[in-house]
Every structure is written in C-alpha cells, then in structure tokens.
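Using the working numbering, the first residue of the sequence shown is number 8, and each one after it goes up by one.
Ideal Cβ positions, reconstructed from N, Cα and C, are used throughout, including at glycine.
Owing to the predicted nature of the structure, the values given are computational and were not obtained by experimental measurement.
I have placed the structure first, in the form of structure tokens, so that the comments after it can refer back to it.
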Amino acid sequence: MTHLKEKKQSLRIQLLIPICLLLITQMALIFISIFASGLLGRLDESAAQVLGRTVQSRRDYLQYDMVNKWRETGDTVSQLDALYANSGQNAASLSSDANAYTDYLRQATPMLISMMRTNAVSGAFIILRGGPLPADPAKDSLTGIYIRDRDPSSVYNSDNKDLLFERAPVDVVTQTGITTDSYWTPKFTLSEDNADHRYFYNPYRAALENKGLSDTDLAYWSPAYHLNEEDNAISIAYSVPLIADDGTLYGVLGVEILTDYLIKQLPTEEITDNGSAYCLAIQPKGDGPYQAVAVNSTNYQLTQDTLREFNLQPSRYEKCSFLTGLQNTSQMVAATGKLSLYNRNAPFSDEQWVLMAIEPKTTLSSLSWNTGLTLAIIVGTIFIVSIIATIIITKRLIAPVSKLEKEVRTGISAGTPVPLTATGISELDSLAQGVEALNREVMRTAGKLTHLLKMSSINLGAFELDEDLEKILFVSDDFFDVFGEKNLSAQNMDYHTFLHRLNAFEPYALPKTIKDAPQQKERVYEIPKEDGTLWIRVQVEMQNNLITGFVEDISLEWRELRQMEYERNHDVLTGLMNRRAFLERFHNIFTDGTLEKDKYAALIMLDLDNLKYVNDSFGHEAGDVYIRTAATQLLAGSPADALVARMSGDEFILFFYNLADMVTLRTAVSNLEENVQGQCVILPEGKGHTLHMSAGVAIYPTHSCEGNSLIRYADFAMYQGKKGIKGCFTYFDSSIYDEAHRP
C-alpha cells in the first residue's frame, strides 16, 4: 500500500517531465522541418517569381505602346514622301531654299500634329538635310520643325493651343499660329559627336550606309536626351530616315516621348510600396553595362543619377539579378523584361532595351523574414503556453481515472499504440489491458494494408477519414511520396492539415479528368517536378460520413499516351506537323476566333525542287538530309506562331496569321524566302547541294476568307510559278486562275 501511495504522489512529476521533453522535441522538430524543407527559401523564390511576372506584364504593356502605338509613322512617312515628290525640289534645295522649306514644313505641320494625336506621343519633329555627313563631326545648322505636347494624355485642343514649337522657321510659326516655347529657336544646331543628337544622326547615317533597307529597319530608338540644354525636360525618341521613292535621303522624321510622360506608364505601386523602382534601361552593345533611360522610384537610392551606368549579376533567385556598380546603395535586386524593338538584322539590333523592376534585397526577403519571425513567435508562444498548461493540468490529474482517461485519449489522438501506465486498481488496469489489446489489433490490421501497398509494384497510397469526428482513421506510410513530396509525412498530421495538404494539389487537376458525383470523386493531377512531370489518379468515395481515398501514380501510362499523340500528329523525318494535324489546327484557327478579322494571313504551299535529282544522284539518305534541311530553314524563317507542316514527300505547307498589314505580310514572306533559297545543304560524304523551293502564296482576306480556298489558290500559284522558273515564290493571281478555269 505504501508503494502505491508513493507512486500516486509522484504522478505529477512522472507526467510533467516526459511531457516537457516531448514538447521540446516537437519544437525542435518543427524548426528543423521548417529549415530542412527550404520553406523560407521558397518564399524568397516565390517573391522573386511574383516580381518577375509583374515586370513581364508591365514589359508587355510598354512594348505594345512602343511598337504598336508610338512608332506608327508609316502613314506620315508616305504623306511626307508624296509632299517631297510634289515639291519639285531636290534634297539639297529643299533644306537650303527658304521658300521651299517654308512651304514644305508648313504643309507638313498638320501631318505631324495628326501623327502626335494618333500615336499619343509628347512630340514630333522633321529635320531636313541633303547629302552625306562630313568625315569630321562638326556643328550643323539644319532646318526643320519640332512640336511638343507636354501632356499628351489630356484632351487636346482643336485649335492646337496645347502645342508648342520648339524648333521652326519664323514664317512657319507665323503661318500655322502655333505658340513657340520659351526655348524656341528657328533652326536645329546639331553635332554628331553630341550624344543628345543621336536621334538625328544615327538613323541618317544608317540610311547612308545601308542602301536598300526599309525605313523601319533603319529606324532608331534614341535613349534619354535634352533638346534644350537650359530645359530640364528629358525625352526619348523614335526616328526614321526620310527616303524618297527614287532613293534620295532628304531628312529624318521622329516622335518624342517625354520621360515624365513615360514614367506614368511605370507605376511602382504594382511592385511594392517599400522603396521600389521601375527602370527603363538600354544596353548599347548588347553585353555591356546598362544605362538608365527613365526611372520611376520611391527609393532615394534609385534615381536617374545613381542608375546612370550599372551591371547585372546572377543571383540565387531564378527570376532576379543583383545590381552592381552602384555607389552608396544597399544591395538591390532586379527582375528584367527585354523589349523587342528592332528587327533581327536591323543596324541597331544590338542595342537591347530592358525594363527592370528594382527593389532592395531586404524587401524581397521580407516575406520569408516575417514568416520566420512569426513562426518563431508562434512556436515559442505555443511552447510557453504548453508548459504552463501542462503544469496546471498535471497538478489536477491526480485521480487514477483521470490519468487513465488522458492516456487513452492521447493514444487515440496519436493513432499509434500507447502503453497505459498501471494504476494499481484492478478494474482500471483490466480496462487498460483491453484498450491496449484493441489498439494493437487495429494497428496490426492497418499495418497489413500498408504492407500490401508497399509490396505492390505500382506506387499506391490510401487513406480513410471520419468526417464527423474530424479524425484520420488510416493513412498509408509514405502517402505523399506518391505525389513526389518525399519530405512530407502524413503520419503526424491532423484531419484538417491532411485535407489542406491534399486540396493543395487541386490546381494541378486536369479539367477533362474531373468527375464529381454525390458519393464519388475522381480526377487526375498533372504535377510538375524538377526531375519530370507526375500524373496521379485520385479516387475518393464518401459513405456514412466516412471518406475513403485511393491514389495511384499513372505517370508511365500517361507518358506513353502523350508519346502516341505526338507521333500521330508529327512527321517522323522532320519533326514538323503532319498533314492531318496541320489541317485540323488550320481549320480551327478559322473557327475558334484565333484568326483576327482585321488582320492578314498568308497560306504558303511549297515544293522542294530537285528532290528526285538528289535521291537519284546521291541516294535516299541524302534526300532525307535535303528534306530535313528544308524543314529546318522553313522553321527558322517563319514567325514563332506560324503553322509549319510537311504535307507529303517533297511538299510543305505554312500558314502565317494575325499579321498587322500587307507590308508586314510581304516582309514575313520575303524573310522566309531569303532564309530558304540558296542555302547550302551538306549531304553525306561532305558533298554540297543548293536548296531551292518553289512556293505559291495566297493571302487572307485578299484572295479568300475560306481555308480550303486558300489552300487551293496557293497550290495553283505554286504550280503556275513552276511552269516558269523553279525556285521562286509566286503570289496567287485571280485573273490567271479565272482564265485557267474558264469553261
């Protein structure tokens, strides 16, 4: 009896010590799990990805404005060329004869104003000049006009009172009635060795040195410059050379965007309100330091001056880089988005414009830091509260019945066999023994199922939940291993955590596989992993408040299915789409709204010339090389979204769609022809053969708005071309077609 009393008296100590040790172990495991799982690092990476997506989205908006809105000068160039042709002047007399240039500039002024209004830019200019540039840089006094609207986003006045002349001859100012700015001068005083004057000299010299290129290929985006040294206004400009129909270079046309207006398009609120900045920068040589063009910043360390010249250094974040070369600033990170402003072979294509979202590294890491601090506070608070609660509860758990009830409930909550301490009371000890035996039997049964799942050659998992009790009745070992989560264990999870973890995979569910019935659910998840994609089938059945689930790794089955689909839709030799896949996608473009009604498209049917000669002369292996080379050149010369397919042995078909206008369409077709014709094919044994293809081109909607008709017209044009000279691209001619099909 004395022994039992001593045991009862020491119960609080016997409970308090192991419970405290258990709490300490749990807290340590929580911290170890957090750091071992890389959670905080993933939060940083997630923040970097969000910053990257933000700058990519803003880059797309800015690039759309710069490419499709601000630089739309084509109509104005045509009008000015016509005005030049009708003037009866040559380039030299137009730029030097006062009467001639006054009349020309007076008539050109409304054209520039119209272009400014349409393009929503803050300025426009024409600078007239004839003849070559001097070998040594010298000051030029040139005639022209420069009009500025300091707020193009506001409603403009029909009487042009919102406009100011920055440069214009006196007679033009008098005749047009437009007010002059306080920094107005009648002429441009320019020098080629002045960086602020690149907006004129760069496109002008490019036109002199690159005869035959179009004005759009010779166009130039000028970085930040001051028009007037006394004026604080900073601008960028898009300028194109003015080239008459006879090839005469007689000046430069340009549009101006004030950086004050530009930075309004770069709101820092979408990055963060804690010391961030948007920086539009240029990399002049494509691989050198960056130079800031326009900066919108809420950080005093990030200004036009501090970002005058800097470099980017790779960081541990996939979407961000570190800024280097800055003076007296904390460490900064930047997500970048490159702007495509020049054609690939244009004279200034090596100048790379980049939009950057910049913020301090501490800001990027603030989420992980705050999360870590919050977790530490929560875990510490839980630990302290748990210790206090344990002491209080232990003091009250003196009665043997209360002790046994607590131990039994602890065992049920843990879902694992828990040996119950003997109380010295026979009835309670017998009950404890019965509970232990029952618990062992339940675990033995669960262990059998787990063992069977492990023995299976298929990666499987299963679980059973009680919805009323909100309790996990059973979950197989390594359940989340099926989902590729090797570091995630379901054994110690509670009901809600387990459901939360399971529902976290819902965004990966393939829509076509989702089946939801009142008592049964089924779906397939497509989960990307570093070492490949997993496809997991999940089946859940609900009955009498019990939720039973079964998961299965079906990745091998789905990979085989994807491979079969690929082989069905692609040509084995070239890897291009085959005839069936092309026609299906081609007709879908006409029916699903992909093809925009106000855009142009080209259907190009091509025939590989001399394939029979190559096969007969060098063998079929050489013929295969000839075909594959043709396919490679067709892909390389086509727009990224074009459809490119092999129809049969020596026939290919291409579809360029959603092209802005006929000029863009013909340029795309010309680029394709240049990329294909005359390429040297290295045949087996080192022999070379020139690649030639005959092609027919049918245009949507010029020739037809119906897909089958475009194919028929392109095929007709191709064979019409082959009747003449092989190896040429022939556009469909409806008059020849009608004549050929006349009864």
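How should H748 be labelled, buried or exposed, when 16 other C-beta atoms within 10 angstroms of its C-beta is the threshold for buried? If you number the sequence shown from 1, residue 748 lands on position 741. Label assigned to H748: exposed.
Local Cβ density within 10 Å of K733, reported as buried at 16 or more and exposed below that: Locating residue 733 in the sequence shown gives position 726, where the first residue counts as 1. Exposed, by the Cβ-count rule.
Beta-carbon proximity check, L300 vs P210, cutoff 8 angstroms: Within the sequence shown, the letter at position 293 stands for residue 300. Within the sequence shown, the letter at position 203 stands for residue 210. In the sequence as presented, Leu is not what sits at residue 300; that position holds Val. No, the pair does not count as a contact, with Cβ atoms beyond the cut-off.
May I ask you to report which of helix, strand or coil DSSP gives N678? The count along the sequence shown starts at 1 and reaches residue 678 at position 671. Helix, per DSSP.
Within the region 613–664, note down every full beta strand (DSSP E) run reaching 3 residues or more, in order along the chain. 650–653
According to DSSP, is P354 helix, strand or coil? For the purposes of this step, residue 354 is identified with residue 347 of the sequence shown, where counting begins at 1. The answer is coil: DSSP assigns P354 none of H, G, I, E or B.
What are the start and end residues of each continuous beta strand (DSSP E) run of 3 or more residues lying completely inside the region 231–311, in chain order? 242–250, 256–265, 284–290 and 298–304
If you draw a straight line from the alpha carbon of T555 to that of F487, how long is it in whole angstroms? Locating residue 555 in the sequence shown gives position 548, where the first residue counts as 1. Locating residue 487 in the sequence shown gives position 480, where the first residue counts as 1. So the two alpha carbons sit approximately 16 angstroms from each other.
How is C27 classed by DSSP in three states: helix, strand or coil? If you number the sequence shown from 1, residue 27 lands on position 20. Of the three classes helix, strand and coil, the one that applies to C27 here is helix, per DSSP.
To the nearest whole angstrom, what separates the beta carbons of A92 and S100, a pair I think is in contact under 8 angstroms? Residue mapping note: residue 92 aligns to position 85 of the sequence shown, counting from 1. Residue mapping note: residue 100 aligns to position 93 of the sequence shown, counting from 1. Actually they are not in contact, since the Cβ atoms of A92 and S100 sit about 14 angstroms apart, beyond 8 angstroms.
Specify, as a first and last residue, the run of the beta strand (DSSP E) that K7 falls within. This structure cannot settle anything about residue 7, because the visible part of the chain is limited to 8 through 750.
Buried versus exposed call for A396 [16 or more other C-beta atoms within 10 Å across all chains shown]: Locating residue 396 in the sequence shown gives position 389, counting from the first residue. Flag for A396 reads exposed.
Report the CB separation of V547 from K522 in whole angstroms; it is logged as a contact under 8 angstroms. Mapped onto the sequence shown, residue 547 falls at position 540. Mapped onto the sequence shown, residue 522 falls at position 515. Contact doesn't hold; Cβ gap of about 10 angstroms is too wide.
Tell me, please, whether the region 185–204 touches the region 311–319 by the rule of three or more beta-carbon pairs shorter than 8 angstroms. no
When burial is assigned at 16 or more other CB atoms within 10 Å of the CB, is K326 buried or exposed? In the sequence shown, the residue the question calls residue 326 occupies position 319. Classification of K326: buried, given that the 10 Å Cβ count is 16 or more.
Give the straight-line distance between the Cα atoms of L531 and T697, rounded to the nearest whole angstrom. Taking the sequence shown and counting its residues from 1, the one referred to as residue 531 is at position 524. Taking the sequence shown and counting its residues from 1, the one referred to as residue 697 is at position 690. Looking at the sequence provided, one finds Val at residue 531 rather than Leu. The alpha-carbon atoms of V531 and T697 are separated by roughly 51 angstroms.
Measuring alpha carbon to alpha carbon, tell me which residue in L506, A588 and D88 is nearest V111. For the purposes of this step, residue 111 is taken as the residue at position 104 of the sequence shown. Sequence check: residue 111 is Tyr here, not Val. Of the candidates L506, A588 and D88, the one whose C-alpha sits nearest the C-alpha of Y111 is D88.
At the level of alpha carbons, what is the spacing between I391 and V340? Indexing the sequence shown from 1 puts residue 391 at position 384. Indexing the sequence shown from 1 puts residue 340 at position 333. The alpha-carbon atoms of I391 and V340 are separated by roughly 39 angstroms.
Alpha-carbon spacing of E681 relative to G644, whole angstroms: Here the question's residue 681 lines up with position 674 in the sequence shown. Here the question's residue 644 lines up with position 637 in the sequence shown. The alpha-carbon atoms of E681 and G644 are separated by roughly 8 angstroms.
For my contact list, L149 and I134 are in at a C-beta cut-off of 8 angstroms; report their separation, rounded to the angstrom. As a position in the sequence shown, residue 149 is number 142, starting the count at 1. As a position in the sequence shown, residue 134 is number 127, starting the count at 1. About 5 angstroms separates the two Cβ atoms, so the contact holds.
Look at the alpha carbon of L333 and the alpha carbon of E79, and state the distance between them as a whole number of angstroms. Counting from one through the sequence shown, the residue named residue 333 turns up at place 326. Counting from one through the sequence shown, the residue named residue 79 turns up at place 72. If you take the alpha carbons of L333 and E79, they lie about 36 angstroms apart.
Range covered by the beta strand (DSSP E) that runs through S701: Within the sequence shown, residue 701 is the residue found at index 694, counting from 1. Run containing S701: M700 to Y707, per the beta strand (DSSP E) assignment.
Below 8 angstroms, how does it come out for the region 174–185 and the region 286–298: are there three or more Cβ pairs, yes or no? no
Cut-off 6 angstroms between Cβ atoms - residues of its own chain near N466, not counting five sequence neighbours on either side: Reading the sequence shown from its first residue, position 459 is the one you call residue 466. Excluding positions up to five away in sequence, the list reads V489 and D560.
Closest residue to E746 among P117, T520, T737 and Q727 (Cα-Cα distance): Sequence index remark: in the sequence shown, residue 746 carries index 739 (1-based). Looking at the Cα atoms, Q727 is the closest of the given residues.
I'd like to confirm something about E173: is its beta-carbon nearer than 7 angstroms to some heavy atom of the ligand NAP, or not? Because no ligand of any kind appears in the structure shown, any question about the ligand NAP cannot be addressed here.
Checking 8 angstroms against the spacing of the C-beta atoms, do S322 and S328 come in under that value? The residue labelled residue 322 in the question sits at position 315 within the sequence shown. The residue labelled residue 328 in the question sits at position 321 within the sequence shown. Contact: yes.
Buried versus exposed, by CB contacts within 10 Å (16 or more), G685: As a position in the sequence shown, residue 685 is number 678, starting the count at 1. Classification of G685: exposed, given that the 10 Å Cβ count is below 16.
Residue nearest to Q21 in terms of C-alpha spacing, selected from T428, N97, D252 and G600: For this step, residue 21 is matched to residue 14 along the sequence shown. Residue T428 is the option with its Cα nearest to Q21.
Per DSSP, Y607 forms a beta bridge with which residues? Here residue 607 refers to the residue found at position 600 of the sequence shown. DSSP output for Y607 lists L666 as bridge partner(s).
Identify which residue in G731, K729, A721 and R49 has its Cα closest to the Cα of T378. Against the sequence shown, residue 378 aligns to sequence position 371. The shortest C-alpha separation from T378 is found at R49.
Rounded to the nearest angstrom, what separates P354 and F195 at their Cα positions? Translated into positions along the sequence shown, residue 354 becomes position 347. Translated into positions along the sequence shown, residue 195 becomes position 188. Cα to Cα, the separation comes out at about 25 angstroms.
What's the call for R155, buried or exposed, on a 16-neighbour Cβ count within 10 Å? Here residue 155 refers to the residue found at position 148 of the sequence shown. Buried: at least 16 other Cβ atoms inside 10 Å.
Residues near I264 in its chain [Cβ-Cβ closer than 7 angstroms; skip 5 each side]: Position 257 of the sequence shown, counted from the first residue, corresponds to residue 264. Within the same chain, I264 has close Cβ partners W77, V128, S129, S242 and I243.
Would you decide whether L615 is buried or exposed? Buried here means 16 or more other CB atoms lie within 10 Å of its CB. Position 608 of the sequence shown, counted from the first residue, corresponds to residue 615. Buried, because 16 or more other Cβ atoms sit within 10 Å of the Cβ of L615.
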